[in-house]
Amino acid sequence: DAGVIQSPRHEVTEMGQEVTLRCKPISGHNSLFWYRQTMMRGLELLIYFNNNVPIDDSGMPEDRFSAKMPNASFSTLKIQPSEPRDSAVYFCASSSPSGHNTEAFFGQGTRLTVV
Amino acid sequence: QQQVKQSPQSLIVQKGGISIINCAYENTAFDYFPWYQQFPGKGPALLIAIRPDVSEKKEGRFTISFNKSAKQFSLHIMDSQPGDSATYFCAAIGMGGLTFGKGTHLIIQP
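Take a look at the structure:
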């Protein structure tokens, strides 16, 4: 398996534009996580899906952020409208269905810059 | 509320020395405690993990010490090498998934 695949690797956009980040989890994994990483706040959990259903979205900063998982092999994180303070590295991770005490595998991340 | 507190924020250790990173948690529902290692431009990767019914776990040069009563755990890197230079995150797992500490930027000087 190629691991968790995220696209794009880098995104530069203007303030006010819509941004969509994409994630393909590892085949067979049923849990998917979106994280945001900044120097100031570290790694923050934004939202967590289990079997394609959002379980905990309390980390989503505001209504400008939305996430979907239409099927087991694809998830998106959308920011509309984007703001400079959204600039960060966004990671997607997935884990297997053998209980929650399992390793989460991370993608390479998407570095988002909003100017 | 920060559920997992990690210190120090940055650490410089001489080659061959012992690197020690500490974490404390608040939620007693956490039941699995992994450490992740992250190199620049990469996502975090699992390094070593421990369950709360074990006080210590060792894998090669990496050891986790766990104190359940104090709700603290630490990572020790013995004989630290320049290749260990990275950012280290402690984490705790409960029903809501992984919660990370803020990370420790470790530099091993040759």
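Protein chains in written order, with the numbering used here: chain A, -1 to 113; chain B, 56 to 165. Glycine included, each C-beta is placed from N, C-alpha and C at the ideal position.
Considering only the beta carbon of each residue, do residue i and residue j sit closer than 7 Å?
| i | j | result |
| --- | --- | --- |
| G152(B) | Q106(A) | no |
| F8(A) | R109(A) | As written in the sequence, residue 8(A) is His, which differs from the Phe given in the question. In contact: H8(A) and R109(A) (Cβ atoms closer than 7 Å). |
| A147(B) | V59(B) | yes |
| T11(A) | S80(A) | yes |
| V30(A) | S71(A) | Just to set this straight, residue 30(A) is Leu in the shown sequence, not Val. No, these two residues do not count as a Cβ contact at 7 Å. |
| K113(B) | I105(B) | no |
| L41(A) | G57(A) | no |
| Q127(B) | A84(B) | no |
| E101(A) | L101(B) | yes |
| M67(A) | F47(A) | yes |
| Q61(B) | G156(B) | yes |
Measuring alpha carbon to alpha carbon, tell me which residue in the options is nearest residue i.
| i | options | result |
| --- | --- | --- |
| R20(A) | S92(A), K76(A) and A86(A) | K76(A) |
| I103(B) | G115(B), P95(B), S135(B) and S140(B) | G115(B) |
| D139(B) | F128(B), M150(B), H160(B) and S124(B) | H160(B) |
| G96(B) | K126(B), T142(B) and S129(B) | T142(B) |
| S110(B) | T154(B), K70(B), P89(B) and K123(B) | K123(B) |
| G72(B) | F155(B), I132(B) and G149(B) | I132(B) |
| R39(A) | V87(A), K22(A), M13(A) and F103(A) | V87(A) |
| G26(A) | F104(A), S94(A), V112(A) and T111(A) | S94(A) |
| P23(A) | P52(A), F103(A), F63(A) and R34(A) | F103(A) |
| W32(A) | V112(A), E16(A), R62(A) and Q4(A) | Q4(A) |
| V51(A) | A65(A), P59(A), D61(A) and E60(A) | A65(A) |
| Q92(B) | P165(B), F121(B), P107(B) and F117(B) | F117(B) |
Any beta-carbon of chain B closer than 7 Å to the one on residue i?
| i | result |
| --- | --- |
| Y88(A) | no |
| F31(A) | yes |
| G57(A) | no |
| E101(A) | yes |
| G107(A) | yes |
| F72(A) | no |
| G40(A) | yes |
Using a beta-carbon distance below 7 Å, is residue i in contact with chain A?
| i | result |
| --- | --- |
| L66(B) | no |
| P99(B) | yes |
| K70(B) | no |
What are the residues that DSSP puts in a beta bridge with residue i?
| i | result |
| --- | --- |
| H8(A) | R109(A) |
| N69(A) | F72(A) |
| F121(B) | F128(B) |
| A0(A) | In DSSP, A0(A) forms no bridge with anything. |
| A141(B) | L161(B) |
| F94(B) | In the DSSP output, where bridge partners are listed per residue, F94(B) has none listed. |
| D54(A) | Y46(A) |
Quick one: does residue i have its CB under 7 Å from some CB of chain C?
| i | result |
| --- | --- |
| N49(A) | Of the protein chains in the structure, A and B, none is chain C. |
- [ ] Residues of the region 133 to 162 of chain B with a CB closer than 8 Å to any CB of chain A: list them in chain order, please.
- [x] F144, I148, G149, M150, G151, G152, L153, T154, F155, G156, K157 and G158
Determine which residues of the region 42 to 70 of chain A have a Cβ less than 7 Å from any Cβ of chain B, and write them out in chain order. L43, Y46 and D54
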